[in-house]
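To start, the structure under review is shown below, and the notes come after it.
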C-alpha cells in the first residue's frame, strides 16, 4: 500500500509474501509514471530498508535518485497517515465480508481492493471536499454509469446472446465484487 501525500490517493497491490519487494516497488513506480508523475520521496518503516537490493534500486533508478526517509522503529507518528489508512481499509474489508456466508476467505483480496477503490472516490474535508481520484486523474467518478454496490451483493449478471440457449436463461446468479470504472 502506498499513499500520495498531496492527493491522499491510495494505491494497493496484492502480494503473496514479502520476497521480491523490489519488483513490486518497480510496479508502483511504473504506475505513478504512467500518469506523468515522478516518485521523489518514499517514507517507510525500516523493513523496506533492510533489503540491500531495494536500497541499490532506489539510489540508482533511471528516473533519478529516489530519496528514502525512514521512521523511528515502533513510532508510527511519522507515517501516521498511511497507518490510519491501513486501519480504515482493514475495517472496511472486514465489514464487507461480515455475515456473508456465500463468500469465502478467497474473496478477501477483492474486498480489500474494493475498499481502496471506494476510499479513493469519496470526498474528504481535508481535501476541500474533493476526492483523491479527482486530484489524481482530474475527473469526477460518474456514479450514474457505474454505481457503488455493497461488496458481495447477490446480483443477476447478463449472459451474452451468443451464450444463451433455450434452457440457459438470460442471466445467472453471481456476486458483486467491485466497480469497473470506464466500463458500462
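Residue numbers (this note's numbering): 211 to 394.
Every residue gets a Cβ at the ideal spot worked out from N, C-alpha and C, and that includes glycine.
Considering residue i, what are the terminal residues of the beta strand (DSSP E) in which it resides?
{"i": "residue 364", "result": "364-368"}
{"i": "residue 280", "result": "277-280"}
{"i": "residue 358", "result": "Taken as a continuous stretch (DSSP letters only), residue 358 belongs to no beta strand (DSSP E), as it is neither H nor E."}
{"i": "residue 385", "result": "381-385"}
Applying the criterion that 16 or more other CB atoms from any shown protein chain within 10 Å of the CB defines a buried residue, is residue i buried or exposed?
{"i": "residue 341", "result": "buried"}
{"i": "residue 376", "result": "exposed"}
{"i": "residue 220", "result": "buried"}
{"i": "residue 295", "result": "buried"}
{"i": "residue 322", "result": "buried"}
{"i": "residue 263", "result": "exposed"}
{"i": "residue 335", "result": "exposed"}
{"i": "residue 343", "result": "buried"}
Terminal residues of the continuous alpha helix (DSSP H) containing residue i?
{"i": "residue 322", "result": "318-331"}
{"i": "residue 171", "result": "Beyond the ends of the chain as shown, which are 211 and 394, falls residue 171; an answer cannot be given."}
{"i": "residue 353", "result": "From DSSP, residue 353 is part of no alpha helix (DSSP H); its letter is neither H nor E."}
{"i": "residue 259", "result": "256-259"}
{"i": "residue 264", "result": "262-269"}
{"i": "residue 240", "result": "231-243"}
{"i": "residue 223", "result": "Run containing residue 223: none; DSSP gives neither H nor E here."}
With C-beta atoms as the reference, is residue i less than 8 Å away from residue j?
{"i": "residue 367", "j": "residue 384", "result": "yes"}
{"i": "residue 369", "j": "residue 291", "result": "no"}
{"i": "residue 406", "j": "residue 260", "result": "With the chain covering 211 to 394 only, the question about residue 406 has no answer from this structure."}
{"i": "residue 318", "j": "residue 298", "result": "no"}
{"i": "residue 247", "j": "residue 345", "result": "no"}
{"i": "residue 289", "j": "residue 240", "result": "no"}
Identify which residue in the options has its Cα closest to the Cα of residue i.
{"i": "residue 257", "options": "241, 280, 243, 237", "result": "280"}
{"i": "residue 365", "options": "374, 334, 211, 382", "result": "382"}
{"i": "residue 238", "options": "211, 294, 347", "result": "211"}
{"i": "residue 271", "options": "294, 243, 255, 351", "result": "243"}
{"i": "residue 224", "options": "314, 379, 320, 349", "result": "320"}
{"i": "residue 348", "options": "227, 236, 226, 245", "result": "245"}
{"i": "residue 226", "options": "316, 293, 255, 353", "result": "316"}
Using 8 Å as the limit for Cβ to Cβ distance, is residue i near chain D?
{"i": "residue 363", "result": "This model lacks chain D altogether, as it is built from one protein chain only."}
Legend entry - the stretch 350-363 contacting the stretch 294-313, beta-carbon criterion three pairs below 8 Å: Between the stretch 350-363 and the stretch 294-313, the count of Cβ pairs shorter than 8 Å is three or higher; the stretches touch.
Inset, instruction - Answer yes if the stretch 317-327 comes into contact with the stretch 384-393, meaning at least three C-beta pairs across the two stretches below 8 Å, and no otherwise. - result: yes
Legend entry - Segment contact flag, the stretch 225-233 with the stretch 263-270, C-beta cutoff 8 Å, min 3 pairs: yes
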